[in-house]
Structures are given as structure tokens and as C-alpha cells.
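In the working numbering, the protein residues as written are 536 to 803. Note that beta-carbon positions come from the ideal geometry of N, C-alpha and C, so glycine has one too.
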């Protein structure tokens, strides 16, 4: 489902721009280079983007996406968008998605560096709406914009790239939205240190976070490697793979779908 060559190219392009050695405590602004590929059935999403972060005050940061090169492939069709080379033919869903993510959002983090909640979400929604309207998108886009202006959804997206450091003891459990469902990733980690850097090698399983949804996960595996220094997370490499079993809401029949994904994050 996730093409091996595509994944190699994606993660290589993620690493190309990681030569800078600036640390969060050496400059007001830092950035993360993120590469991801996620597949569900015959649908594959890829994205390589730069996430900028600026510290505001204790435990509060401002985040925005600065550049993005994304695509969605489904069946024989594909749409793509490059924020560095926009064209009049760009698909409006990807244009709107980037416009919203480019608006700075003020986010509170926990003591492990995981995003928790957005501060003043109403202000962010107002600014994001102005940014989307500035793009002069087609009329049919207006009906979808409200659903995209989702503060909680933006926090969930940040949590995928910045899950925080694993706990010092016990399993590492975190919820992520995968294939449109809340999925619990439960991993056990081995910690090792080399100089000023600490690495956690984690492996575990996937579970449906809400059993009442009626879906089930079979043969779900989750693997994550996190490297950090005194300033916080340096690198993240995480992947998952499973079979999702669910009841089709239209036919009422039970169906299964392979799901898989990988994400790599490098602090620049």
C-alpha cells in the first residue's frame, strides 16, 4: 500500500534540509522538517513540510507551517500542491489546508513537550478565515471551510509530529487519529544515552481508543524512535501498520482495509 520508493524519496527530502544546528535556546525561532506518508485502502497521502516554532512563555509556543509539498492519491487519480510553486490549477482542498496551517497558532505544551491545547482559538479561527478568503478559492470551497477551521484538529496534527518524550517509566500511550478514527498507540521503550543525547527505541501495538465505534484493529504494530538533547526532541521516526475492520455505514456489511504510515521529523 505504501510504495517503498515513494517512502524513500519522501524521507530523503525530509532530511536534506536538516543541516542547521541551531537549538531552541540559541534562537527565538526553530523549525522542524517533517516528512510523512499514510495509506488507507487505495488512498495514500504524502506531505513534506517545514514546521516553525517560536517560544512565547513557559510551556507556550507559536506554531505555523511555512512550506508544504503534498499530494493525495486515490485509485487512478491524484492531486498535488507545492506552496513554493503555486499555480491557478492547484486543487482548492490542499490550498485551503496549507493556508490554514500557515496561520500562527499559540499552543500550550505539557512538561514532556506534547501539545495540549490551543490558546485563544477564536482569534486563530478569525485569522485563518481571513487567510483562506484571501486565496480567492472557488465558491464550493466555502461550504467546507468551517470544518477545516478546527482548533482541536490542528492540535491533533501537531501531536503526530511532536508527541512529546516517552515517560521515564511504564508504557508510552498516546492517542492519534489514524484513518479517521481515534487510535491508541501503546508502546514499551528502551532508553539509551550517548553524550548529551538520549534515544528511546519503542515498539508496541495499536488499539481502537473508543470501543463503541464498532471498528477493530487486527495485527496492529507501532514502532517509534525518539532522539532528544537538553533542548528537547531532535528526531522522530515513527511507523504503524494494521488491518482495520469496520462496518460499512452504507451497506451495513463488515469490511477490512489495510492501513499504514510513517513519519519522520528532524529539528533543523
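Would you mind stating whether residue 495 and residue 801 have Cβ atoms separated by less than 8 Å?
Nothing about residue 495 can be reported from this structure: the residues present for the chain run from 536 to 803 only.
Which of the three DSSP states, helix, strand or coil, is assigned to residue 692?
In the chain shown, residue 692 corresponds to position 157, counting from 1. Reduced to three states, the DSSP call for residue 692 is helix.
Please say whether residue 691 and residue 712 have beta carbons closer to each other than 8 Å?
The count along the chain shown starts at 1 and reaches residue 712 at position 177. The count along the chain shown starts at 1 and reaches residue 691 at position 156. For residue 712 and residue 691, yes; Cβs fall inside 8 Å.
With DSSP run on the structure shown, which of helix, strand or coil describes residue 638?
Position 103 of the chain shown, counting from 1, holds the residue named residue 638. If DSSP states are grouped into helix, strand and coil, residue 638 belongs with coil.
Limits of the unbroken alpha helix (DSSP H) element including residue 682
For this step, residue 682 is matched to residue 147 along the chain shown. Residues 677-683.
Could you check the C-alpha separation between residue 790 and residue 781 for me, to the nearest Å?
Within the chain shown, the letter at position 255 stands for residue 790. Within the chain shown, the letter at position 246 stands for residue 781. About 6 Å.
Does the structure place the region 639-653 close enough to the region 622-630 that three or more beta carbon pairs sit under 8 Å?
no
Determine the closest residue to residue 714 out of 687, 731, 663 and 750, with distance taken between C-alpha atoms.
As a working note, residue 714 is residue 179 in the chain shown. Ranking the options by Cα distance to residue 714, first place goes to 750.
If we call anything under 8 Å between Cβ atoms a contact, is residue 566 one with residue 588?
Start at 1 with the first residue of the chain shown, and residue 566 comes out as number 31. Start at 1 with the first residue of the chain shown, and residue 588 comes out as number 53. In contact: residue 566 and residue 588 (Cβ atoms closer than 8 Å).
Between residue 706 and residue 761, which are expected to be in contact by the criterion C-beta below 8 Å, what is the C-beta distance as a whole number of angstroms?
One-based indexing of the chain shown puts residue 706 at position 171. One-based indexing of the chain shown puts residue 761 at position 226. Actually they do not touch by this definition, with Cβ atoms about 14 Å apart.
I need the DSSP call for residue 568, collapsed to helix, strand or coil.
Your numbering for residue 568 matches position 33 in the chain shown. Here residue 568 sits in strand by DSSP.
Secondary structure at residue 709, three-state DSSP: helix, strand or coil?
Mapped onto the chain shown, residue 709 falls at position 174. DSSP places residue 709 in strand when its eight states are reduced to three.
Nearest residue (CA-CA) to residue 722, options 642, 732, 741 and 795
Translated into the one-based positions of the chain shown, residue 722 becomes position 187. Minimum Cα distance to residue 722 is reached at 741.
Comparing the CB of residue 789 with every heavy atom of the ligand SAH, is any distance shorter than 7 Å?
No copy of the ligand SAH appears in this structure; indeed no ligand is present at all.
Using the Cβ count rule (16 or more neighbours within 10 Å means buried), how would you classify residue 784?
Counting from 1 along the chain shown, the entry for residue 784 is found at position 249. Exposed, since its Cβ has fewer than 16 Cβ neighbours within 10 Å.
Can you round the beta-carbon distance between residue 600 and residue 575 to whole angstroms, since I take them to be within the 8 Å contact cut?
Here residue 600 corresponds to residue number 65 of the chain shown, with the count starting at 1. Here residue 575 corresponds to residue number 40 of the chain shown, with the count starting at 1. The pair is not a contact, with the Cβ atoms about 22 Å apart (cut-off 8 Å).
Which partner residues of residue 735 appear in the DSSP bridge assignment?
In the chain shown, residue 735 corresponds to position 200, counting from 1. DSSP, once it has assigned bridges, lists 726 and 761 as partnering residue 735.
To the nearest angstrom, how far is the alpha carbon of residue 559 from that of residue 608?
As a working note, residue 559 is residue 24 in the chain shown. As a working note, residue 608 is residue 73 in the chain shown. Since pLDDT at residue 559 reaches only 42, below the 50 mark, its modelled position is unreliable, and no value is offered.
In the DSSP output, what is residue 607 paired with across the bridge?
As a position in the chain shown, residue 607 is number 72, starting the count at 1. In DSSP, residue 607 forms a bridge with 580 and 614.
Per-residue burial, residue 719 [other beta carbons within 10 Å of its own, 16 or more giving buried]
For the purposes of this step, residue 719 is taken as residue 184 along the chain shown, with counting starting at 1. It counts as buried.
Taking the alpha helix (DSSP H) that residue 668 belongs to, which residues open and close that run?
The sequence position of residue 668 within the chain shown is 133, counting from 1. Per DSSP, residue 668 belongs to the alpha helix (DSSP H) from 656-669.
If you count every other CB in all the chains shown that lies within 10 Å of the CB of residue 604, and 16 or more means buried, which is it?
Mapped onto the chain shown, residue 604 falls at position 69. Per the 10 Å Cβ criterion, buried.
Please confirm whether residue 649 has its beta-carbon closer than 8 Å to some beta-carbon of chain B.
This model lacks chain B altogether; it includes just one protein chain.
Does the separation of the CB atoms of residue 683 and residue 631 fall below 8 Å?
Here residue 683 is taken as the residue at index 148 of the chain shown, counted from 1. Here residue 631 is taken as the residue at index 96 of the chain shown, counted from 1. Yes, they are a contact pair.
If distances are taken between C-alpha atoms only, which option among 699, 590 and 671 comes closest to residue 769?
By one-based count along the chain shown, residue 769 stands at place 234. The shortest Cα separation from residue 769 among 699, 590 and 671 belongs to 699.
Does DSSP classify residue 744 as helix, strand or coil?
Working through the chain shown from its first residue, we reach residue 744 at position 209. Residue 744: coil per DSSP, three-state reduction.
What number of angstroms, rounded off, separates the C-alpha of residue 688 from the C-alpha of residue 659?
Against the chain shown, residue 688 aligns to sequence position 153. Against the chain shown, residue 659 aligns to sequence position 124. Whole-angstrom Cα-Cα distance: 13 Å.
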